[in-house]
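The next block holds one structure in the form of structure tokens; read it before the comments.
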Amino acid sequence: MPLALLALAIGAFGIGTTEFVIMGLLPEVAGDFGVSIPTAGFLVTGYALGVVLGAPLMTALGTRIPRKRMLMLLMGLFVIGNLLSAVAPVFGVMLAGRVVASLAHGAFFGIGSVVAAELVAPEKKAGAIAMMFSGLTVANVIGVPLGTLVGQAIGWRITFVIVAALGVIGLFGIAKLVPDLPKPEGVRLRDEIGAFRNVQVLLAMAMTVLGFGGVFAAITYITPMMTDVAGYADSSVTWLLVLFGIGMVGGNLVAGRFADRALMPMLYATLGSLALVLGLFTFTAHNKVAAAVTVLLIGALGFATVPPLQKRVLDYASGAPTLASAVNIGAFNLGNALSAWLGGLVISAGLGYTAPNWVGAVLAASALVLAFVSAALERRSGATGATGATEATGATGPIVASVAPVEQRTPVHH
């Protein structure tokens with residue numbers, strides 16, 4: 000794998016840390032600004048909405064900018080947003096800083112996925128994407144717990160200064176290590192938008208919303224589930240989330256390896272297993288050991304869907320994959336928001352803290368149904384891409400010119 004992927008992974012590590020670390024620092028932030036915990040929760044909601052809106056917006060604005068330069072600009076925006084949060088004098092400025100940082104999130108992962116795929120040969124694309132996303136998964140194992148501990152011990156503002164410093168390191172890494180890949184000739188914003196006319200792109204995004212949404216239906220409410228149902232102490236929740244993060248790391252790397260060989264079978268296995276494990280979580284949540292094992296499995300199976308789904312979007316977005324790739328990142332956050340809302344509804348209905356697990360199981364099963372529909376349509380159409388020009392067929396779908404190996408388009412960089 001090219002060293003440039005390390006620079007992308009560092010940027011992903013910083014983004015993953017700032018996205019999730021706020022959840023562990025809400026009491027400190029709320030107390031500092033004199034607002035309630037629910038009001039401080041807008042720092043989470045505002046970030047998620049910023050990702051959903053910022054992914055297409057920032058990608059569209061960057062259609063005329065070379066991808067390396069756009070990645071550097073996005074990292075710069077990320078640094079500014081986190082520094083703004085760190086020095087915010089009032090809550091409103093803190094919220095604005097969160098939104099500014101979130102605008103870089105979707106476009107960075109979207110454009111970064113395209114760049115990662117272009118750096119390697121076709122049979123290694125999903126592995127390259129997984130390598131970049133490993134920064135996000137490792138953030139949940141290392142960055143978030145350490146950031147929470149630093150914020151609680153020294154001050155939450157220090158945490159955001161450290162995250163901004165990670166962004167600076169990622170920016171310089173991209174500048175030094177990522178090659179100047181040329182933009183595809185003749186690709187305009189209209190071409191990028193046109194990718195959404197492909198039903199396979201839309202199906203992959205729907206699978207993203209439902210599949211990863213299934214994960215967050217359960218994980219959003221893991222604290223009351225583990226403390227009130229499993230019987231864990233409040234202090235144990237942090238380490239249960241670390242366990243979830245370890246599962247994410249393993250699932251991401253395994254999926255990146257096998258999705259290059261058999262993408263659709265990988266999706267069938269992960270989505271089917273995820274639906275089953277989420278359903279079982281309703282029962283295993285009553286036992287400490289079984290609950291911990293289940294949390295690990297949910298992390299692994301949930302994030303095992305990310306590389307294959309992101310690769311499928313790239314494969315079917317023809318010669319203009321950047322916008323579709325970025326919007327698919329926004330789809331993850333849309334799924335998170337949708338599933339958290341649905342999970343809250345069943346809890347409010349008096350069905351108990353384990354009820355969101357059934358919501359998650361239904362969402363994951365729905366994604367599995369869409370995977371079968373997508374494969375059936377692929378077989379019916381002869382496994383052709385959005386333009387009808389397929390360079391290779393098989394379980395992984397078409398390999399299109401937009402993500403051809405870089406040695407076919409530019410001098411070798413790896």
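Numbering that gives the first Met the number 0 applies: residue 0 is where the sequence shown begins, and numbers increase by one.
For every residue, glycine included, the Cβ atom is placed at its ideal position computed from N, Cα and C.
Within the same chain, Cβ atoms closer than 8 Å to the Cβ of G230 are found at K287, the five residues on either side in sequence being excluded.
Taking the C-beta atoms as reference points, N327 is found nearer than 8 Å to V312. Around the Cβ of I110, a 10 Å sphere holds 16 or more other Cβ atoms; the residue is buried. The continuous alpha helix (DSSP H) containing S112 extends over residues F90 to E117.
Taken through DSSP and simplified to helix, strand or coil, L52 comes out as helix. Straight across, the Cα-Cα distance linking G23 with M224 is about 17 Å. Going by beta carbons, G213 and L362 fall inside the 8 Å limit.
Distance from the CA atom of A138 to the CA atom of L240, rounded to whole angstroms, is 11 Å. For the pair of segments examined, the region 159 to 178 was found to touch the region 71 to 81: the number of CB pairs separated by less than 8 Å reaches three.
The alpha-carbon of M71 is positioned some 46 Å away from that of G351.
Residue state for V200 is assigned as helix, using DSSP reduced to three classes. Between the alpha carbons of A11 and A116 lies a gap of roughly 16 Å. Cβ-Cβ separation between G146 and V162: approximately 7 Å, consistent with a contact (criterion under 8 Å). For Y315, the enclosing alpha helix (DSSP H) begins and ends at V305 to Y315. Contact check for A299 against G244 fails: the beta carbons are separated by 8 Å or more.
D227 sits in a helix when the DSSP states are folded into three classes. In this structure L277 does not touch G246 by the C-beta definition: roughly 13 Å separates them, more than the 8 Å allowed. The criterion of a C-beta distance shorter than 8 Å is not satisfied by L42 and L102. From the listed residues A291, V228 and P307, the smallest Cα separation to A254 is found for P307. In the DSSP assignment, D233 falls outside any alpha helix (DSSP H) and carries neither an H nor an E. L135 carries a helical assignment under DSSP once its states are collapsed to helix, strand and coil. The alpha-carbon separation between N197 and Y315 amounts to approximately 7 Å.
Burial is judged here by how many other beta carbons sit within 10 angstroms of a residue's own beta carbon; H285 has fewer than 16 and is exposed. Secondary structure of N286 (DSSP, three-state): coil. Remark: C-beta atoms of A325 and T17 do not approach each other more closely than 8 Å. Membership of D31 in the alpha helix (DSSP H) is indicated by the continuous run A3 to F32.
If the five residues before and after L275 are omitted, its C-beta is found closer than 8 Å to the C-beta atoms of A360, all from its own chain and listed in chain order. Per DSSP, L180 lies in no alpha helix (DSSP H) and is assigned neither H nor E. Take V248, set aside five residues on each side of it, and the residues of its chain with a beta-carbon closer than 7 Å to its own are S133, T136, V137 and V140, in chain order. Between L273 and I218, the alpha-carbon positions lie close to 13 Å from each other.
About 16 Å separates the beta carbon of A303 from that of L242, a gap too long to meet the 8 Å contact definition.
In terms of Cα proximity to A106, the closest of F195, V372, A258 and G53 is G53. Judged by DSSP secondary structure, G146 falls within the alpha helix (DSSP H) whose first and last residues are V143 to A152. In the three-state reduction of the DSSP assignment, T58 falls in the helix class.
Taking the Cα positions, M263 is about 11 Å away from K310. In this structure, L266 keeps its C-beta atom at 8 Å or more from the C-beta atom of L5.
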